[in-house]
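Undergrad: Each residue of the sequence shown is one higher than the one before, counting from 1 in the UniProt record's numbering. The structure's right below; bear with me while I get my questions together.
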Amino acid sequence: MSDLEPRQRAVVFGYHNVGVRCLKVLLAGGVDVALVVTHEDSASENIWFESVISLCQAEGIPYITPADAKSPELLAQVKAAQPDLMFSFYYRHMLPAELLELAPAFNMHGSLLPEYRGRAPVNWAVLHGAEVTGATLHEMTVKPDAGAIVAQMEVPILPDDTAHEVFGKVQVAAEQALWRVLPSLLAGTAPRLHNDLSKGGYFGGRKPEDGRIDWSWPAQHVYNLHRAVAPPYPGAFTDIDGVRYVIQRARIAGTGHGNFGNVVSLSLPPGLTVVDNCIFGVCGDGRMLTISALTADGEPITAEQLAIRLAARA
1 MSDLEPRQRA VVFGYHNVGV RCLKVLLAGG VDVALVVTHE DSASENIWFE SVISLCQAEG
61 IPYITPADAK SPELLAQVKA AQPDLMFSFY YRHMLPAELL ELAPAFNMHG SLLPEYRGRA
121 PVNWAVLHGA EVTGATLHEM TVKPDAGAIV AQMEVPILPD DTAHEVFGKV QVAAEQALWR
181 VLPSLLAGTA PRLHNDLSKG GYFGGRKPED GRIDWSWPAQ HVYNLHRAVA PPYPGAFTDI
241 DGVRYVIQRA RIAGTGHGNF GNVVSLSLPP GLTVVDNCIF GVCGDGRMLT ISALTADGEP
301 ITAEQLAIRL AARA
């Protein structure tokens, strides 16, 4: 790809690991990246992912971090870069129509469109118990995740995968999908497949509060919530006497050696409990989670310590 001539100029809107990996694909494919638009890291966010800014600094690529994607200043800067193509790789702001009119624009989305359109697609897929997901490169339109599909790559979601583990797979899928389609994209011959919006649906962003556990739910649903928001995300949690308990690691009981399976016969109420010096979460269907790592207000807590606290409430 590196010998493609003439080189096409691109403006890239990017952030996060997918932004880093897909930007590297463009560079390896001989694309002249004239400008990168990215975000400053937030001090309030757990930054566990790679830095687009660091990559731009290493490669000598001009970059900007505007607060407003709709500002006239950003429009003027992108226009001045004279892009032949524009790409959005996990950029967090919607691009207005005025920007999209400057050049053909393509977005990398972390699902198999039309499934899981909108925000946090990997987390939503895990929460809903999906068995597959992937990455989709599609044409950008004013309506989010609605443009024609250019390339897709599928990955499996294994029964015990966390969203973080699935995101690692999706990141590779995004890189592969872009790498495979880039020559035809630059040649103007890439496919345009129908994105059937009558299927799938839109999902909103997720907040830490969305990790609150309702112990009346079936065990599989509680487990899917844990998997969807497990670290480095904020985690699934329950509050007891003003203390926030966050599940760090868990499995559905009965899926490993020596675990309890169904606890109906034990007549335990829903919620956290300690049995034989092991922490469990009892769920509404009588099954439970084996919790191998738990924090209390941010500090690790043992089964013995939790048992003492729970006994004091009795």
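Built from N, CA and C at the ideal position, the CB exists for glycine as well.
Can you say whether W48 is buried or exposed, counting buried as having 16 or more other CB atoms within 10 angstroms of its CB?
TA: In the sequence shown, the residue the question calls residue 48 occupies position 48. Classification of W48: exposed, given that the 10 Å Cβ count is below 16.
Undergrad: Do Y223 and L289 come within 7 Å of each other at the CB atom, strictly closer than that value?
TA: Indexing the sequence shown from 1 puts residue 289 at position 289. Indexing the sequence shown from 1 puts residue 223 at position 223. Yes.
Undergrad: Could you tell me which whole alpha helix (DSSP H) segments of length 4 or greater appear in the region 94-173?
TA: Listed in chain order, they are 97-100 and 121-127.
Undergrad: Whole angstroms is fine: what's the gap from V275's alpha carbon to A307's?
TA: What you label residue 275 is simply residue 275 of the sequence shown in a count that begins at 1. What you label residue 307 is simply residue 307 of the sequence shown in a count that begins at 1. Going by the C-alpha atoms only, they are around 9 Å apart.
Undergrad: If you run the structure through DSSP and keep just helix, strand and coil, what is N262?
TA: Here residue 262 refers to the residue found at position 262 of the sequence shown. Only weak support exists for where N262 lies, its pLDDT of 49 falling under 50; the coordinates are left without a value.
Undergrad: According to the Cβ coordinates, are P66 and L55 closer than 7 Å?
TA: Translated into the one-based positions of the sequence shown, residue 66 becomes position 66. Translated into the one-based positions of the sequence shown, residue 55 becomes position 55. No, they are not a contact pair.
Undergrad: Out of I240, V122, Q152 and H39, point me to the one whose CA is closest to residue 337's CA.
TA: No answer is possible for residue 337: the residues shown for the chain start at 1 and end at 314.
Undergrad: Just tell me which of H93, F89 and A97 has its CA closest to the CA of F106.
TA: Position 106 of the sequence shown, counting from 1, holds the residue named residue 106. Comparing Cα-Cα distances from F106 to each of H93, F89 and A97, the minimum goes to F89.
Undergrad: Considering just the uninterrupted stretch of the beta strand (DSSP E) at residue 322, what are its terminal residues?
TA: Residue 322 falls outside the range modelled here, since the chain spans only 1 to 314, and no answer is possible.
Undergrad: What distance in whole Å lies between the Cβ atoms of G60 and T38, which are believed to be in contact at a cut-off of 8 Å?
TA: Numbered from 1 along the sequence shown, position 38 holds the residue referred to as residue 38. Numbered from 1 along the sequence shown, position 60 holds the residue referred to as residue 60. In fact, because the Cβ distance is near 15 Å, the residues do not count as touching under 8 Å.
Undergrad: Take A34 as the anchor and find which of R21, L85 and P270 has the nearest alpha-carbon.
TA: Within the sequence shown, the letter at position 34 stands for residue 34. It is L85.
Undergrad: On a CA-only basis, which of L112, K70 and P231 is nearest I165? Give me that one, please.
TA: By one-based count along the sequence shown, residue 165 stands at place 165. Checking the displayed sequence, the identity of residue 165 turns out to be Glu instead of Ile. Answer by Cα proximity: P231.
Undergrad: On the DSSP letters alone, give me the boundaries of the beta strand (DSSP E) that C278 sits inside.
TA: Taking the sequence shown and counting its residues from 1, one reaches residue 278 at position 278. C278 to V282 is the extent of the beta strand (DSSP E) around C278.
Undergrad: Taking Cβ positions, are N17 and P114 nearer each other than 7 Å?
TA: On the sequence shown, position 17 is the one that residue 17 refers to. On the sequence shown, position 114 is the one that residue 114 refers to. Not closer than 7 Å, so no.
Undergrad: Please report the residue range of the beta strand (DSSP E) in which A293 lies.
TA: Taking the sequence shown and counting its residues from 1, the one referred to as residue 293 is at position 293. Looking at the DSSP string, the run of the beta strand (DSSP E) that includes A293 is M288 to A296.
Undergrad: Would you check if the region 169-181 and the region 147-161 touch, i.e. whether three or more CB-CB distances between them fall below 8 Å?
TA: Result yes; three or more Cβ-Cβ pairs closer than 8 Å.
Undergrad: Are R249 and A293 close, meaning C-beta to C-beta below 7 Å?
TA: For the purposes of this step, residue 249 is identified with residue 249 of the sequence shown, where counting begins at 1. For the purposes of this step, residue 293 is identified with residue 293 of the sequence shown, where counting begins at 1. Taking 7 Å as the Cβ cut-off, R249 and A293 qualify as a contacting pair.
Undergrad: So what does DSSP say about L35, is it helix, strand or coil?
TA: For the purposes of this step, residue 35 is taken as residue 35 along the sequence shown, with counting starting at 1. DSSP places L35 in strand when its eight states are reduced to three.
Undergrad: How about P104 and V132: do their beta carbons lie closer than 7 Å?
TA: Counted from its first residue, the sequence shown places residue 104 at position 104. Counted from its first residue, the sequence shown places residue 132 at position 132. It is not a contact, given that the beta carbons lie outside the stated cut-off.
Undergrad: Rank S111, A190 and L27 by C-alpha distance to the C-alpha of Q171 and give the top, closest one.
TA: Numbered from its first residue, the sequence shown carries residue 171 at position 171. Taking only the C-alpha atoms, the option nearest Q171 is S111.
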